[in-house]
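The block underneath contains the structure these notes are about, expressed in structure tokens.
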Ligand SMILES: NC(=O)c1ccc[n+]([C@@H]2O[C@H](COP(=O)([O-])OP(=O)(O)OC[C@H]3O[C@@H](n4cnc5c(N)ncnc54)[C@H](O)[C@@H]3O)[C@@H](O)[C@H]2O)c1
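Numbering (our numbering), first residue to last: -14 to 248.
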């Protein structure tokens, strides 16, 4: 899908979503930015000549109501990008550090918001010949690594949902792309300032891309209607290795994650 002239809605008060919003606007889309944070969403939208909506996408009524208002006031949504996510602690957040309340937030924000948006929009889009969903997921949804438990599980589920949506609705004009970055320099990544120990952390994280770089790769992936958009090509190789030898991949990752934890 080319976004020029299209109505594109994206989460984006900061970070990757803000870069995507700007990239969509630069390519001539009419952009609507959604975010929980009223202040940042207004400033991102103002900077790109877009519209701002404050919305907690983890609450179904708020997301439904935002979509209704956008469709009524701005027009039919062509591209909906589900971008918001909570990280849910740090890499050591496991079973004991994931209370039910965190599971509930992570499931609602990182996963159900994708499902609720599609539930609302698919019939509307199909009724007018089609539409497109860009699901921002993560490398953590393809290969389990050092990310927190609730993040890892919800990102895997998000990929499962995106695959389902693509398979079941492509014949009615619904396109789906799944963006899976590895490490992007946004507030979520919260990289420490540089010192000797931080350099070791950065080396473990590997390639760190800018949000703008990832937004450029995304716009190309959307134009080609690629399902899996992988900004870091090494992830594709790792994913292939996982499929070829699942046990070896788990063994290798377990050693890597353990080494990171003892750093
Ligand atoms: N930064 C990375 O290294 C990285 C890597 C892989 C995937 N991702 C994915 O990219 C997406 C964006 O990440 P980011 O790094 O820009 O994160 P970020 O934390 O910098 O920004 C997330 C944005 O989501 C908003 N948000 C959070 N909860 C919300 C809610 N309930 N309703 C509406 N808005 C809400 C926040 O206000 C914020 O503006 C996420 O889905 C993330 O999982 C990021």
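Built from N, CA and C at the ideal position, the CB exists for glycine as well.
Nothing here was measured: the structure is a model prediction, and the numbers come from that model.
Determine the extent of the beta strand (DSSP E) in which residue i is found, giving its start and end residues.
i: residue 36; result: 36 to 39
i: residue -6; result: -8 to -4
If you drop the 5 nearest sequence neighbours on each side, which residues of the same chain put their C-beta closer than 6 Å to that of residue i?
i: residue 52; result: 105
i: residue 21; result: 41
i: residue 221; result: 215
i: residue 45; result: 101
i: residue 76; result: 131
i: residue 23; result: 39
i: residue -11; result: 12 and 13
i: residue 87; result: 73 and 135
i: residue 47; result: 40 and 41
Output the boundary residues of the alpha helix (DSSP H) element that contains residue i.
i: residue 165; result: Premise fails: residue 165 is in no alpha helix (DSSP H) and is neither H nor E.
i: residue 138; result: 134 to 154
i: residue 193; result: Note, residue 193: premise wrong, no alpha helix (DSSP H); not H, not E.
i: residue 229; result: 218 to 229
Rounded to the nearest angstrom, what separates residue i and residue j at their Cα positions?
i: residue 17; j: residue 30; result: 7 Å
i: residue 13; j: residue 204; result: 12 Å
i: residue 202; j: residue 110; result: 25 Å
i: residue 199; j: residue 228; result: 25 Å
i: residue 127; j: residue 98; result: 19 Å
i: residue 34; j: residue 27; result: 10 Å
i: residue 174; j: residue 119; result: 21 Å
i: residue 69; j: residue 153; result: 24 Å
i: residue 71; j: residue 244; result: 25 Å
i: residue 129; j: residue 137; result: 6 Å
i: residue 167; j: residue 89; result: 24 Å
i: residue 169; j: residue 193; result: 5 Å
i: residue 9; j: residue 210; result: 15 Å
i: residue 240; j: residue 172; result: 28 Å
i: residue 196; j: residue 3; result: 8 Å
i: residue 49; j: residue 64; result: 16 Å
i: residue 80; j: residue 139; result: 14 Å
i: residue 56; j: residue 144; result: 26 Å
i: residue 225; j: residue 218; result: 11 Å
i: residue 62; j: residue 141; result: 26 Å
i: residue 116; j: residue 66; result: 11 Å
i: residue 113; j: residue 0; result: 32 Å
i: residue 25; j: residue 6; result: 13 Å
i: residue 231; j: residue -4; result: 34 Å
i: residue -6; j: residue 162; result: 15 Å
Between residue i and the rest of its own chain, which residues show a CB-CB distance below 7 Å, the 5 nearest in sequence each way excluded?
i: residue 251; result: In the structure as shown, the chain begins at -14 and stops at 248. Residue 251 is therefore absent and cannot be evaluated.
i: residue 107; result: 154 and 159
i: residue 191; result: 167 and 168
With a threshold of 8 Å between beta-carbons, can residue i be considered close to chain C, or not?
i: residue 140; result: Reference to chain C is not applicable here, since this structure consists of a single protein chain.
To which residues of the same chain is residue i closer than 8 Å at the C-beta, ignoring the five residues directly before and after it?
i: residue 59; result: -8, 15, 17 and 36
i: residue 164; result: 119, 120, 121, 122, 199, 203, 206, 214 and 216
i: residue 208; result: -14 and -13
i: residue 242; result: 76, 130 and 131
- Secondary structure, alpha helix (DSSP H): runs of 4+ residues fully inside the stretch 67 to 131: Runs of the alpha helix (DSSP H) lying entirely within the stretch 67 to 131 and spanning at least 4 residues, in chain order: 85 to 91 and 98 to 112.
- Query: Can at least three beta-carbon pairs, one atom from the stretch 229 to 241 and one from the stretch 147 to 154, be found at a separation below 8 Å?
  - Reply: Touching, no, given that fewer than three Cβ pairs across the two stretches are closer than 8 Å.
- Query: Is there contact here, the stretch 157 to 171 with the stretch 77 to 97, by at least three beta-carbon pairs under 8 Å?
  - Reply: These segments do not touch.
- Ordered list of alpha helix (DSSP H) runs contained in the stretch 7 to 63, each at least 4 residues: Qualifying alpha helix (DSSP H) stretches, in chain order: 23 to 33 and 45 to 58.
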